[in-house]
Structures are given as C-alpha cells and as structure tokens.
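One structure below.
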Amino acid sequence: MSTTITPPESAPPAGGAPAQRPSSGARTVAILAIVLGVLVLLGTLVSAALTTVASAAVHTSSRTVAVAGVNELAVRVSAGSLRVEFGSVREAELEVTSSWGADRWTFERTGDRLVVGTPDRFGQWFGDWFSWGEQHGEGRAVLRLPSSLAGADAGLSLAAGDLTVDGDFGDLRLNISAGGLMVSGSAETLTADVSAGKGEVDLADVASATLSVSAGGLDATFTGEQPRSIEADVSAGSLQLEVPEGQYRVTSDVSAGGFDNRIGSDVNASSRIHVEVSAGEAVLRSAR
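Structure below.
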C-alpha cells in the first residue's frame with residue numbers, strides 16, 4: 002500500500018506584495034531635481050570663478066584735464082560711485098578704481114565747462130561679467146578739483162548709483178532720478194529735483210532755493226545766512242527742510258498729504274518760504 006504525500010504550499014515572499022517599478026512621473030521629477038541641483042552647483046562655481054577673475058582685474062587709473070578758464074562743472078552718474086572734492090591739485094583729476102579704468106569715463110572740457118560722466122550703458126552687460134562685485138561695472142571714482150574752481154556753477158545728475166559732493170559752488174543744480182546723492186559745503190543758489198532715490202543736502206549761505214520732490218525723499222539743511230526765498234513742491238515722497246534760526250514768512254498750499262510747520266510764520270519777515278504739498282509730506286524746522 003502506498004501513501005501519496007502532498008507538498009505544502011509555498012509561503013509568499015517576505016515583505017508582502019512584490020515592489021512595483023516607479024511611475025514615469027516620479028522618474029521625471031527625480032531627473033529634474035538632479036538637473037536643478039547640477040545647475041545650482043555650476044552657478045555657484047561660475048560665480049566664484051568670476052569673483053576671482055574680477056578681483057584680479059580691478060585696478061586704479063587716473064586722468065587729468067586743465068581747468069584754466071572753466072567756470073562750470075557738469076556731472077552725470079548713471080551707475081557706480083563718484084565722490085567730488087576739492088584738493089591740492091593744479092588740474093582736475095579723475096581717479097577710477099574698476100576693471101576697465103578711467104578711459105571709459107567721460108572726462109573732458111567743453112568750452113568753459115568741465116564734463117564728467119560714467120560710461121555709456123551700451124555693451125555694459127558684457128562689462129558686468131568682468132566687474133563682479135562693482136556697481137554695474139563702472140566701479141568707484143574720485144574727482145579732485147583745484148581750489149581755483151571754488152564758487153563755480155555746477156549741475157549734478159544722478160540716474161543710479163551714488164554721488165557724494167563736498168565743495169563751494171555758485172548756482173548749484175541737482176537732478177536725482179534714482180540712487181543716493183549727498184552734497185555738503187556752500188552754494189549761492191540751489192535747484193533740486195528729486196523724482197526718485199534719496200538726496201541729502203547740507204549747505205551754508207544759500208540765498209534762494211527751489212526744491213521739488215515727486216518721489217523718493219530729500220533732506221535739506223541750510224546753515225549760515227538766512228535764505229531770502231525758498232520754494233518747495235512735494236507731489237509725492239517726503240521733504241525734510243531745516244533752515245537757520247530767524248523770522249520767516251511761511252505760506253503753504255496743501256491739497257493732500259501733510260505739512261508740519263514747526264517754525265511758525267511772521268508776516269513782516271523779509272525771508273519767505275512757500276510750500277506746496279499735493280501728496281506725501283513736508284516738515285519745516287529751524288536749527289537748534
């Protein structure tokens with residue numbers, strides 16, 4: 002008599018159901034993540050390389066221009082940083098620290114005007130690659146003027162970057178459309194137009210001033226002799242105006258925004274201040 006033995010059923014593999022292959026969507030996400038990581042790494046490496054190249058390429062160079070007969074200064078800054086000062090020099094001297102040098106700047110005499118300007122923007126994108134860490138490739142510059150130009154008229158225009166000026170001027174005109182401008186010293190007359198950016202003015206003995214702020218801000222401090230006339234127009238942004246101690250006839254026209262007059266008004270005063278505010282705010286105070 003024979004006995005038939007039936008083998009037991011095989012146990013299912015450990016771990017439950019067999020693993021499934023990842024879907025095509027999951028594979029796509031994984032691939033994209035890898036590609037993105039590689040691009041970030043490459044960007045970091047390229048940035049480090051450009052920084053090293055730019056640091057090695059930056060140098061300082063200078064140019065000079067004779068100023069005999071010059072009675073007006075015209076400065077245009079569209080990027081970068083420029084400081085204007087008076088010093089012990091016989092000629093106007095422009096010193097530029099950048100990867101391109103002073104020869105790309107406008108620095109010339111036109112009749113009785115000395116003209117200074119940052120490089121043209123055409124092709125600037127190419128220069129930016131080799132000026133990593135500088136402001137748009139123009140770098141930093143210092144304009145030194147001889148004392149013989151003290152009291153000359155000046156027109157300062159700032160479209161971007163930084164402009165710092167210290168000196169004595171006759172008719173001083175400021176135009177700020179972006180960036181930051183700081184002016185100190187003295188001026189006979191002042192015209193300032195701020196459409197954006199920030200202006201800081203600290204001037205002595207200003208006889209008359211016309212101030213316009215359509216955006217951004219202007220902080221103007223006048224010292225020394227009382228101004229005879231100040232006209233201020235604020236259509237947006239803010240104006241902080243400080244004048245020497247004394248009596249002023251203050252008038253205003255406020256259609257929107259606010260005007261904070263902290264010096265009062267004397268109808269018999271010979272010095273006159275008129276403020277118009279159509280938006281934004283204006284504050285008028287006297288020096289302590």
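In terms of our numbering, the sequence shown opens at residue 2 and continues consecutively. Note that CB positions come from ideal geometry on N, CA and C, so glycine has one too.
Bridge partners of L146 according to DSSP: F87. Around the beta carbon of I177, a 10 Å sphere encloses 16 or more other beta carbons of the protein chains shown; the residue is thus reported as buried. Beta-bridge analysis with DSSP links A155 to L74 and L173. Residue nearest to A69 within the set L150, G259, L182 and H275 is L150 (criterion: CA-CA distance).
In its chain, beyond the 5 residues on either side, L159, L164 and G200 have a beta carbon closer than 6 Å to the beta carbon of L182. For R105, the three-state secondary structure derived from DSSP is helix. With 16 or more neighbouring CB atoms inside 10 Å of its own CB, V276 falls in the buried class. G152 is positioned such that its CB atom lies no closer than 8 Å to that of D172.
Residue pairing by DSSP places I231 opposite A210 and I274 in a beta bridge. Pairing I274 with N72, the inter-Cα distance amounts to about 30 Å. Contact between the stretch 193-208 and the stretch 217-237 is present: 3 or more CB-CB pairs across the two stretches fall below 8 Å. Pairing S209 with V85, the inter-Cα distance amounts to about 23 Å. Boundaries of the beta strand (DSSP E) around A193: G181 to V195. For G88, same chain residues with a beta-carbon under 6 Å away, outside a window of 5 residues either side, are R145 in chain order. In the DSSP annotation of this structure, A280 is not part of any beta strand (DSSP E), being labelled neither H nor E.
With fewer than 16 other CB atoms across the displayed protein chains lying within 10 angstroms of its CB, I35 is exposed. Residues of the same chain with a CB within less than 8 Å of the CB of Q227, apart from the 5 flanking positions on each side, are V244, P245, G247, Y249 and S272 in chain order. Where Q248 is concerned, there is no enclosing beta strand (DSSP E), because DSSP gives it neither an H nor an E. The criterion of a C-beta distance shorter than 8 Å is satisfied by G238 and G281. Taking C-beta separations shorter than 6 Å and ignoring five residues to either side along the sequence, the partners of V76 in its chain run V117 and L157, following chain order.
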